[in-house]
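Down below is the structure, laid out as structure tokens.
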Amino acid sequence: MNKDLVGQILDLKRERNAIILAHSYQRDEVQDIADFVGDSLGLSREAAKTDAEVIVFAGVHFMAETAAILNPDKTVLIPDVEAGCSLADTIKAADVQSWKDDNPDGLVVAYVNTSAEVKALSDVCVTSANAVEVVSGLDQNRPIFFVPDMFLGAHVERKTGRKMHLWLGECHVHAGIGEREINSKLSEHADAEFLIHPECSCGSACLYLKPDAKIMSTEGMVRHSQTSDSKEFVVATEVGILHRLQRYSPNKNFFPVKESAVCEYMKMITLEKILDSLVKNQFKVEVSPDIADKARRSLESMIAVG
Ligand code: 13P
Ligand code: SF4
988 MNKDLVGQIL DLKRERNAII LAHSYQRDEV QDIADFVGDS LGLSREAAKT DAEVIVFAGV
1048 HFMAETAAIL NPDKTVLIPD VEAGCSLADT IKAADVQSWK DDNPDGLVVA YVNTSAEVKA
1108 LSDVCVTSAN AVEVVSGLDQ NRPIFFVPDM FLGAHVERKT GRKMHLWLGE CHVHAGIGER
1168 EINSKLSEHA DAEFLIHPEC SCGSACLYLK PDAKIMSTEG MVRHSQTSDS KEFVVATEVG
1228 ILHRLQRYSP NKNFFPVKES AVCEYMKMIT LEKILDSLVK NQFKVEVSPD IADKARRSLE
1288 SMIAVG
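Structural data, given as structure tokens:
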């Protein structure tokens, strides 16, 4: 690790009363200098409670935008504005409005991987860590539109027994982890436990490949692997998570289903860009107050569950 670069970041962070929040898919060296590393739910909670004046978000745009919505009086910076999300980009506010026009009694459940405009039109937000719990608590008599990830939506349907209208969006990284790769990795490590993110496209098929598969968020994987008796895990998600899994369970072995499951948006954030971000106060993430006020209600409901 570049000590000089890290030293400068840590000094500036102190000077500016800043906090660095990083998602578990970030580069190893970025995770190592962060004040908090976690999944979307943990990061949103951390952003909501911090006393820091500046939040540097080492993650993708919708995550930084979520932090900005929850902290209208703070400066939220993303070190690279190009760090987007292929899944969030599949749906626009107009698509949600059109469903609401056709279903005036309906409820819109938005995965946190959505723009502020989509969140503003939603009744409640969810993350992969609490989607099942949130949907279980919704009015049984109202139709639900679940956006934008169809595989997470299908997982929630199976768990809750609730039929929903699903937006047919997917993440290119998780949709690229298929049954064939999983089968091959599981046969190489027959005794391993199988941890899989619900955005993976094999969703239902993998349950038949390994009936005791643990379908969980990235943070769920970190927690479960620490307490499990298993010594080996096959992991189906973006490979950045391996750094934390290995760090918290140094005596266990983790095998990614697909080494090339890399989110190029997450990896756009580098130590150099984090330093630049603190030096130049760039790039500010701002959400117009009318959109932010509406989106905040859905986000606060999300943070309260799970
Ligand atoms: P988590 O909610 O598990 O952090 O996942 C976020 C994400 O972007 C998955 O691709
Ligand atoms: Fe978006 Fe997929 Fe990257 Fe997660 S892994 S940030 S869902 S593109």
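Its first residue numbered 988, the sequence shown is counted upward by one per residue in my numbering.
All C-beta atoms in this analysis are idealised placements derived from N, C-alpha and C, irrespective of residue type, glycine included.
*Where does the unbroken beta strand (DSSP E) through T1062 begin, and where does it stop?*
For T1062, the uninterrupted beta strand (DSSP E) segment begins and ends at 1062 to 1064.
_Nearest neighbour of V1119, chosen from S1031, F1220, F1044, P1185 [CA to CA]_ = P1185
_Rounded straight-line distance, which links the Cα of I1290 to that of I1028_ = Note that residue 1028 corresponds to Leu in the displayed sequence, not to Ile. Taking the straight line from one Cα to the other gives about 7 Å.
_When you compare the CB positions of V1121 and Y1098, do they come within less than 7 Å of one another, or not?_
With a cutoff of 7 Å on beta-carbon distance, V1121 and Y1098 are scored as not near each other.
_Terminal residues of the beta strand (DSSP E) in which E1180 lies_ = 1180 to 1183
_Same chain, Cβ closer than 7 Å to L1265, neighbours up to 5 away in sequence not counted_ = I996, L999, K1000, R1003, A1005, V1043
*In angstroms with no decimal places, state the Cα-to-Cα distance between A1054 and A1116.*
18 Å
*Mind checking E1243: buried by the 16 CB within 10 Å criterion, or exposed?*
A small fix is needed here, since residue 1243 is Pro in this sequence, not Glu. Answer is buried; the Cβ neighbour count reaches 16.
_Alpha carbon of Q1269 to alpha carbon of C1250, nearest angstrom_ = Each residue's alpha carbon lies about 22 Å from the other.
*asked:* Taking the beta carbon of H1159 as the centre, do at least 16 other beta carbons fall within 10 Å, making it buried, or is it exposed?
replied: exposed
*Which residue's Cα is closest to the Cα of G1165: T1224, D1088, K1201?*
T1224
*Can you give me the Cβ contacts of H1142 inside the same chain, cut-off strictly under 8 Å, excluding the 5 residues immediately before and after it?*
Cβ neighbours of H1142 beyond the five flanking positions: A1118, V1119, P1185, G1190, I1202.
*Paired residues, beta bridge with C1112 - DSSP*: A1097
*Go through its chain and collect everything with a Cβ distance to G1163's Cβ below 6 Å, but skip five positions before and after it.*
none
_Buried versus exposed call for Q1127 [16 or more other C-beta atoms within 10 Å across all chains shown]_ = exposed
*Go ahead and pull the three-state DSSP assignment for I1164.*
coil
*Beta carbon of T1077: closer than 6 Å to some heavy atom of ligand 1?*
No, Cβ of T1077 sits at least 6 Å from all heavy atoms of ligand 1.
*Would you check if the region 1129 to 1145 and the region 1031 to 1047 touch, i.e. whether three or more CB-CB distances between them fall below 8 Å?*
At 8 Å Cβ cutoff, the stretches do not touch.
_Taking 6 Å as the cut-off, is the beta-carbon of V1074 closer than that to any non-hydrogen atom of ligand 2?_
Note on residue identity: the sequence assigns Leu, not Val, to residue 1074. Result yes, Cβ under 6 Å from ligand 2.
_Does the beta-carbon of Y1098, which I'm using as the reference point, lie nearer than 6 Å to any heavy atom of ligand 2?_
no
*For the beta strand (DSSP E) that H1010 lies in, which residues bound it at each end?*
Counting along the chain, the beta strand (DSSP E) containing H1010 begins and ends at 1005 to 1010.
*Separation of S1031 from A1081, as counted between CA atoms*: Each residue's Cα considered, the two are about 25 Å apart.
*Got a sec? Which residues, its chain only, sit under 6 Å from K1146 by beta carbon, not counting five neighbours each side?*
Apart from sequence neighbours up to five positions away, the residues of its chain that approach K1146 with a beta-carbon distance below 6 Å are V1119, ordered along the chain.
*Under 8 Å by Cβ, that's how I've got A1103 and E1180 pegged, so tell me the actual separation to the nearest angstrom.*
Wrong, their Cβ atoms sit about 37 Å apart, outside the cutoff.
_Sufficient close CB pairs (3 or more, under 8 Å) joining the region 1054 to 1073 to the region 1083 to 1090_ = The region 1054 to 1073, when compared against the region 1083 to 1090, does not touch it at the 8 Å Cβ threshold.
*Please go through the region 1258 to 1293 and give each complete alpha helix (DSSP H) segment of 4 or more residues, from N-terminal end onward.*
1258 to 1267, 1276 to 1290
*Specify, as a first and last residue, the run of the alpha helix (DSSP H) that E1144 falls within.*
1137 to 1147
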